[in-house]
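Participant:
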Ligand code: C5P
């Protein structure tokens, strides 16, 4: 089996500040997407990495990554960016990982566990964590409607792993009117089972400035390899 990873990093999102798209924000002096490439290449299974970036950043990303990755232009949506990555997958690849550039510190053990679930026969596999907060639904006025039992709820991380044929079909048949926030949702929409494997508390998603501070601390503490629960 040949395993490749696609890293969608073509968001223009400037919410984090710093005047840079999120994937270009530095962590330990290195852009988030470079950490993401390193994290995936640290897996014993990943043979090639495709980074999807903004058209005006293509040359910069290409020269930063050198031979570590193939670099292509993304699209207007995350879905279009993943599709651009799928379009350049080399023919022998049969397992595809999709990993957000916003998760720079995913441990290699989590990447390996996702790949191993697909190699063991799953059509799709995602890393998950139990939810530690109590969950409630609220109405438009902010009033609590009810409390959601959390024992069957999981928070989903990346990389998400797929048999190539399954992901290509799920993307082709996706409903453009209902954009999905992850790739596994497209597979679920086809009625194909998605397996879970243990994620890691260090594979945090960089969304707010405080997440970057936490990631800097993790990087320096070298806790990025903390085993999953
Ligand atoms: O905005 P959000 O954090 O959900 O984006 C998830 C990932 O998708 C990010 O790594 C972002 O760069 C990527 N993305 C993309 N192309 C877009 C929009 C988002 O590759 N058009």
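Numbering (the numbering used here), first residue to last: 7 to 235. The beta-carbon is built from N, C-alpha and C at its ideal position, and this holds for glycine as well. Just so it is clear, the structure is predicted and the values come from calculations on it, not from any experiment.
1) Secondary structure at residue 17, three-state DSSP: helix, strand or coil?
2) Would you list the residues sitting across from residue 131 in a DSSP beta bridge?
3) Go through its chain and collect everything with a Cβ distance to residue 30's Cβ below 6 angstroms, but skip five positions before and after it.
4) Return the residue from the list 168, 206, 153 and 207 that minimises the CA-CA distance to residue 188.
5) Is residue 186 near ligand 1, judged by its Cβ being under 7 angstroms from some heavy atom?
6) Roughly how many whole angstroms lie between the Cα atoms of residue 33 and residue 107?
7) Decide if the stretch 121 to 134 is in contact with the stretch 196 to 204; the criterion is three or more beta carbon pairs, one per stretch, under 8 angstroms apart.
8) Determine the direct distance from the alpha carbon of residue 157 to that of residue 234, and round the result to whole angstroms.
9) Who pairs with residue 57 in a beta bridge, going by DSSP?
10) Taking a contact to mean a Cβ-Cβ separation below 8 angstroms, would you say residue 47 touches residue 209 in this structure?
11) Mind checking whether the beta-carbon of residue 81 lies closer than 7 angstroms to any heavy atom of ligand 1?
12) Counting pairs of Cβ atoms below 8 angstroms between the stretch 61 to 74 and the stretch 110 to 119, do you hit three or more?
13) How is residue 31 classed by DSSP in three states: helix, strand or coil?
14) Excluding the five sequence neighbours on either side, which residues of its own chain have a C-beta within less than 8 angstroms of the C-beta of residue 79, listed in chain order?
15) Are residue 99 and residue 51 closer than 8 angstroms when you measure CB to CB?
16) Ligand 1 heavy atoms versus the CB of residue 216: any closer than 7 angstroms?
17) Looking at ligand 1, does it come within less than 7 angstroms of residue 2, judged from the CB to the closest heavy atom?
18) For residue 142, count neighbouring C-beta atoms within 10 Å of its own C-beta (all shown protein chains included) and say buried if the count is 16 or more, exposed if not.
Facilitator: With the structure as the only source:
1) coil
2) 167 and 201
3) 37
4) 168
5) no
6) 12 angstroms
7) yes
8) In this predicted model, residue 234 has a pLDDT of only 47, less than 50, meaning its place in the structure is not dependable; the value taken from the coordinates is given anyway. Those two C-alpha atoms are separated by around 17 angstroms.
9) 13 and 77
10) no
11) yes
12) no
13) coil
14) 16, 58, 59, 60, 61, 64 and 90
15) no
16) no
17) In this structure the chain extends from 7 to 235, so residue 2 is not present and cannot be described.
18) exposed
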